[in-house]
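Below you'll find the structure, written out as structure tokens, and then a few comments.
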Amino acid sequence: MNARDRTRPEPVAGMAVRSTMDLFAAADASPPTPPSTEPLAPGAIVWRGGAASCAGALLADLQGVLDAAPLRHMLTPGGFRMSVAMTNCGALGWVSDVTGYRYDAADPDNARPWPAMPRSFLDLATRAAAQAGFDGFAPDACLVNRYEPGARLSLHQDRNERDFRAPIVSVSLGLPAVFLFGGTKRSDRAARLPLAHGDVVVWGGPARLRYHGVLALKEGQHALTGRHRINLTFRRAG
Ligand code: MD6
Ligand code: FE
Numbered sequence: 005m006n007a008r009d010r011t012r013p014e015p016v017a018g019m020a021v022r023s024t025m026d027l028f029a030a031a032d033a034s035p036p037t038p039p040s041t042e043p044l045a046p047g048a049i050v051w052r053g054g055a056a057s058c059a060g061a062l063l064a065d066l067q068g069v070l071d072a073a074p075l076r077h078m079l080t081p082g083g084f085r086m087s088v089a090m091t092n093c094g095a096l097g098w099v100s101d102v103t104g105y106r107y108d109a110a111d112p113d114n115a116r117p118w119p120a121m122p123r124s125f126l127d128l129a130t131r132a133a134a135q136a137g138f139d140g141f142a143p144d145a146c147l148v149n150r151y152e153p154g155a156r157l158s159l160h161q162d163r164n165e166r167d168f169r170a171p172i173v174s175v176s177l178g179l180p181a182v183f184l185f186g187g188t189k190r191s192d193r194a195a196r197l198p199l200a201h202g203d204v205v206v207w208g209g210p211a212r213l214r215y216h217g218v219l220a221l222k223e224g225q226h227a228l229t230g231r232h233r234i235n236l237t238f239r240r241a242g
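So in my numbering, the last spot in the sequence shown is 242, and the numbers never skip.
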């Protein structure tokens, strides 16, 4: 192969010619810093950049999930439209409506099972949990959250899962956000944790029921997600 064969097509009229896969490959190539694990609290870590090298594959597989189960703005039990758009994959999906929060095997919008959890999702979630000492994590639910500028998630506890022994794995893709990390009482002061593309938070054991939320997303553009932040939250729900 000569050097010419390995180069990208020439730009046409000043426009770079790049397929979507090229864009993913470019973003996956050599992260600025290698992944590293930071302790957050007993039972919780941030794996900085842990999902950076597989982000392109995750987003490509996410498209199939979204085709089968489109993002939607669910209603809170109080009747408010959530600013974060959500959907699910895996055996169980988290849903909210005026009757409350629950896990359901069917998508309430079409009564069909949620799409299967892609292998790339499962592999990353299991590797991330192991980073925090939770071996053998086998999630059966993945909640997909899509934030646009202004979208936020108020302080809450994750307590609809049957068994609190399994951790939660939370993957951040696209635009950065500020994660609020509180205590076990709503009134406990919350720390502010910046999360960037590729960061993974793992959360279990003594941290499992800590209050948390996400501040309103700032306006921005990301090469892979445009003006959005995507969060994948993996759980053992059933
Ligand atoms: C989000 N995450 O980061 C929303 N819950 O978009 C969560 O609500 C969450 O990140 C439990 C554990 C980790 C999380
Ligand atoms: Fe949560």
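We put the CB at the ideal spot given by N, CA and C, even for glycine. This one's a predicted model, so the numbers in the text were calculated from it and none came from an experiment.
Asked, Found
"In terms of DSSP beta bridges, what is GLU42 paired with?", "VAL50"
"If the criterion is Cβ atoms closer than 9 Å, does the pair ALA211 and PRO74 meet it?", "no"
"Quick one: grab the DSSP three-state call for LEU27.", "Low per-residue confidence applies at LEU27: pLDDT is 49, beneath 50, and the placement is therefore not dependable, though the value from the model is reported in the following sentence. Helix at LEU27."
"For MET78 versus VAL99, is the C-beta spacing smaller than 9 Å?", "yes"
"Please list, in chain order, all residues of the same chain as GLY224 whose beta carbon is under 6 Å from its beta carbon, the five residues on each side excluded.", "LEU179"
"DSSP three-state label for ASP101, please.", "strand"
"Could you pull out every residue in the same chain whose Cβ sits closer than 7 Å to the Cβ of ASP144, ignoring the five residues on either side in sequence?", "GLY94, ALA95, LEU96, ARG240, ALA241, GLY242"
"Mind reading off the beta-carbon distance from GLY202 to ALA55? Whole number of angstroms is fine, and I expect it under 8 Å.", "5 Å"
"Classify THR237 as helix, strand or coil using the three-state DSSP reduction.", "strand"
"With DSSP run on the structure shown, which of helix, strand or coil describes ALA132?", "helix"
"Given a cut-off of 9 Å, decide if ARG76 and ASP113 are closer than it, judged by their beta-carbon atoms.", "yes"
"Beta-carbon within less than 6 Å of ALA181's beta-carbon, same chain only, minus the 5 sequence neighbours each way: which residues are those?", "LEU199, VAL218, LEU221, ARG233"
"Does DSSP put ARG150 in a helix, in a strand, or in coil?", "strand"
"Are the region 144-156 and the region 184-200 touching, with three or more C-beta to C-beta distances below 8 Å?", "no"
"Reducing DSSP to helix, strand and coil, say where ASP65 ends up.", "helix"
"Taking 9 Å as the threshold (C-beta atoms), are TRP51 and VAL148 in contact?", "no"
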